[in-house]
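**Q** Sharing a structure with you now.
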Amino acid sequence: MRDRIGSVFIEGVQPQVDGGRHAVKRIAGEHLTVRADIFKEGHDVLAAIVRWRQRTPPEAQGEWHEVPMRPLGNDAWEARFPLARNGRYEFTIEAWPDLFRTWTSELKRKVDAGRDVRSELLEGAALLEGAAARARPVDEGDARVLAEAAVRLRQTPSPDLLAVALSPELAEVASAHPDRSLARRYEPVLEVFADRERARFGAWYEFFPRSAKRDGVTHGTFQDAEAWLPYIQGLGFDVVYLPPIHPIGRTARKGKNNSLKAGPDDVGSPWAIGATEGGHKAVHPKLGTLEDFRHFVQAASTHGIEVALDLAFQCSPDHPYVKEHPEWFQLRPDGTIKTAENPPKRYEDIVNFDWMGPAREALWAELESVVLHWVEQGVRTFRVDNPHTKPIQFWEWLIRRVQERHPDVLFLSEAFTRPKVMKALGKVGFTQSYTYFTWRNFKAELQEYLEELTQPPVSDYFRGNLWPNTPDILPEALQNAGPGAFRVRAALAATLSSVYGMYCGFELCEGRPLPGKEEYLDSEKYQLVAWDLDRPGNIRDWIASLNAARRTQPALHAYDSLRFFESNNERVLFYGKRSADGASTVLIAVSLDPYAPQEALLRLPLDWLGTRPDETYQVHELMTDQRSLWQGPHVQVRLTPEQPAALWAVYRYRRTEHAFDYYE
């Protein structure tokens, strides 16, 4: 006779990405909540557990753990497990019929109906004997309780005996030692990657070390760049991102403003990587040495700043790889290497790898060694240049291999491309991504886009890092604009997402465009720049206040708690955030008009705040350090170009033994 098989169904398991093809993203220190629909035919009582373990890094790999799931009603079940450490975790669900609880449920109905239950009691005794046998190797106390109850159930039925059979305590012991031969396990095993906290919360500042002298003539060094660190710290940034720091090729070097003819003193584009002095593992001689770079990383750390390094997998025609490994490049029919281009744009100073060619195995291994080389120098964050122009399969392979050994390494995707490609890069492992926020300016489009990015399913694998500008992009909203425009865009970037960045010059309101283009005039990509950090009209203090508010409010550290609320003015955006533990709540109103004052009546989300219409509570406006008492469903706000954003930390009253205190 064939063994019996289980008939439990496990469906709708969440969270998962593309049927388990990719890992869900979370943060170390959180719990992962797992939900599923679990059912079977008939009226059986079911039991279910989540099985989980940490898989990487290797030294953290542990045994499988189990946590019971609880029924939510309508066949929905839920459980959560801790992501205590940075790394990759596996989890799945297992469910089975709880034979003894099913038996007690049926027994009670039969007893209530006046049925003869002598045969049923014998069935129960057999179930208890089986549970006792399963308990005996691990818990003699439980085994004894179950065995004694089984003996009693074989006696003549009586009210006392029925009370024993239907005892909740007995059911609890029996269910602790279930017959799992009828269990079903969900396949495939799912993954979640728990990043360190910097993956979710950070303020990035990009600058070119070669301009650190600030005179536009003298090439800066890493030592000169160290002198910028107190300035960056004072602005409130905790990540400093450096464009490529490698030797720059001479062949087809670009001149000022992307000119095809470079003069003898032109420094070229840092993204044209590689020269006689070395390639991706070398530093530009004028910046200093590898030791100087390590010193810069250490100096940044003493200022509470992490260094992010540009990872640009492309080459100057002068790169040592071109001569040493011509098989890594794709040749034209005339024998020349094809330069990079995105018509009508062409990058004459750059050649690309033959990513999927016959030498791909050695090429991929070498590029992995490049990442690990910089990890050894103390870099734990990489901004990846144009990943959408390289095979997605390569990034999936590379990121997984790097994070298996170094789970604290973060990767920011600079992929301004088609939405599905951007999302695919997030799915295969990129920690964060640039977004279309740079070009979203109006209320409806901002709300629609940020709701998409910060809510499941997208937020399970994609973290938007919002940048109002980059060295490549000076959006129209900032071209020849006044300080109000820069304040508006900074406020939106810094509060709509928990991670954002800006390129040097933003705090100085630099907005001179190359005519007819979304590019900077006299772009720092091609020349040294003389930055006057005390330039009149700068918004340095305002940026510092904005970043200070972010640091002090845990609600602004959250990525996926963003909720939009009603404002009666189409030029005022109103939204809020809350920390995971509910202890910190912030409401934010931002004017989208950088040139004139705007007033709005805001409808307060009383249910979301957990307040009654007649309840009085305190709010602390963080940018002006003003406190107010609010009551009721509405509040009037006036925003100006000088102060286009209001950030209210919300404090409610709590009655104590002697008085009222505020709590957040």
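When we follow the UniProt record's numbering, the leftmost residue of the sequence shown carries the number 1, and every step to the right adds one.
All C-beta atoms, glycine included, are put in the ideal place defined by N, C-alpha and C.
Bear in mind that the values here come from a model prediction, so they are computed numbers and not experimental data.
1) Name the residue from R85, Q61, R638 whose alpha carbon lies nearest to the alpha carbon of H31.
2) Are the Cβ atoms of A194 and A28 separated by less than 7 Å?
3) In chain order, what residues of the same chain lie with their CB nearer than 6 Å to the CB of P188, ignoring the 5 residues before and after it?
4) Just checking, does the region 630-639 make contact with the region 575-592 on the three C-beta pairs under 8 Å criterion?
5) If you compare alpha carbons, which of W271, E566, E41, E90 is closest to residue 667?
6) Over the uninterrupted beta strand (DSSP E) stretch that includes R26, give me the two end residues.
7) Which value, in whole angstroms, describes the spacing of the CA atoms of K420 and D238?
8) Alpha carbon to alpha carbon, how far is H65 from K517? Give it in angstroms, no decimals.
9) Give the straight-line distance between the Cα atoms of L514 and G202, rounded to the nearest whole angstrom.
10) Within the continuous alpha helix (DSSP H) that includes Y449, where are the two ends?
11) Could you check the C-alpha separation between M422 and S433 for me, to the nearest Å?
12) Among residues of its own chain, excluding the 5 on either side of E404, which ones have a beta-carbon nearer than 8 Å to its beta-carbon?
13) Should Y461 be labelled buried (16 or more other beta-carbon atoms within 10 Å of its own) or exposed?
14) How many Å lie between P613 and L606 at the Cα?
15) By the DSSP assignment, the alpha helix (DSSP H) with M69 in it spans what residues?
16) Report yes if the CB atom of P483 is closer than 7 Å to the CB atom of C509, and no otherwise.
17) Which whole-angstrom value describes the C-beta separation of S567 and P644, a residue pair presumed to lie in contact below a C-beta threshold of 8 Å?
18) Suppose you measure from the CA of W96 to the CA of K577; what does that come to, to the nearest Å?
19) Would you list the residues sitting across from C315 in a DSSP beta bridge?
20) So P270 packs on I305, CB below 8 Å; how close in whole Å?
21) Distance check for L573 and R603, CA to CA, integer angstroms please.
22) Which of the three DSSP states is assigned to S628 in this structure?
23) To the nearest angstrom, how far is it from the Cα of G357 to the Cα of V371?
24) If we ignore side chains and look at the alpha-carbon of each, how far apart do E445 and R196 end up?
25) Which whole-angstrom value describes the C-beta separation of A493 and F437, a residue pair presumed to lie in contact below a C-beta threshold of 8 Å?
26) Identify which residue in P536, I539, L609, Q598 has its Cα closest to the Cα of A555.
27) Where does M502 sit, in a helix, a strand or coil, going by DSSP?
28) How about R53: is its C-beta nearer than 7 Å to some C-beta of chain D?
29) Distance, Cα to Cα, R109 vs S119?
30) For the region 306-320 and the region 250-257, state whether three or more C-beta atom pairs, one from each stretch, are separated by less than 8 Å.
31) In this structure, how does DSSP classify S433 when only helix, strand and coil are distinguished?
32) Leaving out five residues before and five after D385 in sequence, what residues of the same chain have Cβ atoms less than 7 Å from its Cβ?
33) Compute the Euclidean distance between the alpha carbons of E396 and A365, then round it to the nearest angstrom.
34) Mind checking I5: buried by the 16 CB within 10 Å criterion, or exposed?
35) Buried or exposed: where does F382 fall if 16 or more other Cβ atoms within 10 Å of its Cβ makes it buried?
36) Taking V151 as the reference, give the member of P178, E172, E123, V138 with the closest Cα.
**A** Straight from the coordinates:
1) Comparing Cα positions, the closest option is R85.
2) Less than 7 Å divides the Cβ of A194 from the Cβ of A28.
3) G20.
4) Contact between the region 630-639 and the region 575-592 is present, because at least three Cβ pairs lie under 8 Å.
5) What the structure shows of the chain is the stretch from 1 to 664, and residue 667 is not part of that stretch, so it cannot be assessed.
6) For R26, the uninterrupted beta strand (DSSP E) run begins and ends at 24-27, by DSSP.
7) Using only the alpha carbons, I get a separation of about 30 Å.
8) One alpha carbon belongs to K517, the other to H65, and they sit about 57 Å apart.
9) C-alpha separation (whole angstroms): 31 Å.
10) Start and end: 443-454.
11) Cα to Cα, the separation comes out at about 8 Å.
12) Hits under 8 Å: T56, P57, P58, R88.
13) Result: buried.
14) Going from the Cα of P613 to the Cα of L606 covers about 7 Å.
15) From DSSP, M69 is part of no alpha helix (DSSP H); its letter is neither H nor E.
16) Yes. Within cutoff.
17) Not a contact, Cβ separation roughly 14 Å.
18) If you draw a straight line from the Cα of W96 to the Cα of K577, it is about 40 Å long.
19) V351.
20) No, P270 and I305 are not in contact; Cβ-Cβ is about 20 Å, not under 8 Å.
21) Between the alpha carbons of R603 and L573 lies a gap of roughly 12 Å.
22) Correct three-state label for S628: strand.
23) Rounded to whole angstroms, G357 to V371 spans 21 Å at the Cα level.
24) Pairing E445 with R196, the inter-Cα distance amounts to about 31 Å.
25) Between F437 and A493 the Cβ distance is about 7 Å, and since that is below 8 Å, they are a contact.
26) Of P536, I539, L609, Q598, the residue nearest in Cα terms is L609.
27) Three-state DSSP puts M502 in a strand.
28) Judged by its chain identifiers, the structure shown contains no chain D, having just a single protein chain.
29) Cα to Cα, the separation comes out at about 15 Å.
30) A contact exists between the region 306-320 and the region 250-257.
31) Taken through DSSP and simplified to helix, strand or coil, S433 comes out as strand.
32) Answer for D385: W271, D310, L311, A312, E414, listed in chain order.
33) C-alpha of E396 to C-alpha of A365: approximately 13 Å in a straight line.
34) Exposed: under 16 other Cβ atoms inside 10 Å.
35) Counting Cβ neighbours within 10 Å, F382 comes out buried, since at least 16 surround it.
36) Comparing C-alpha distances from V151 to each of P178, E172, E123, V138 shows the shortest one belongs to E123.
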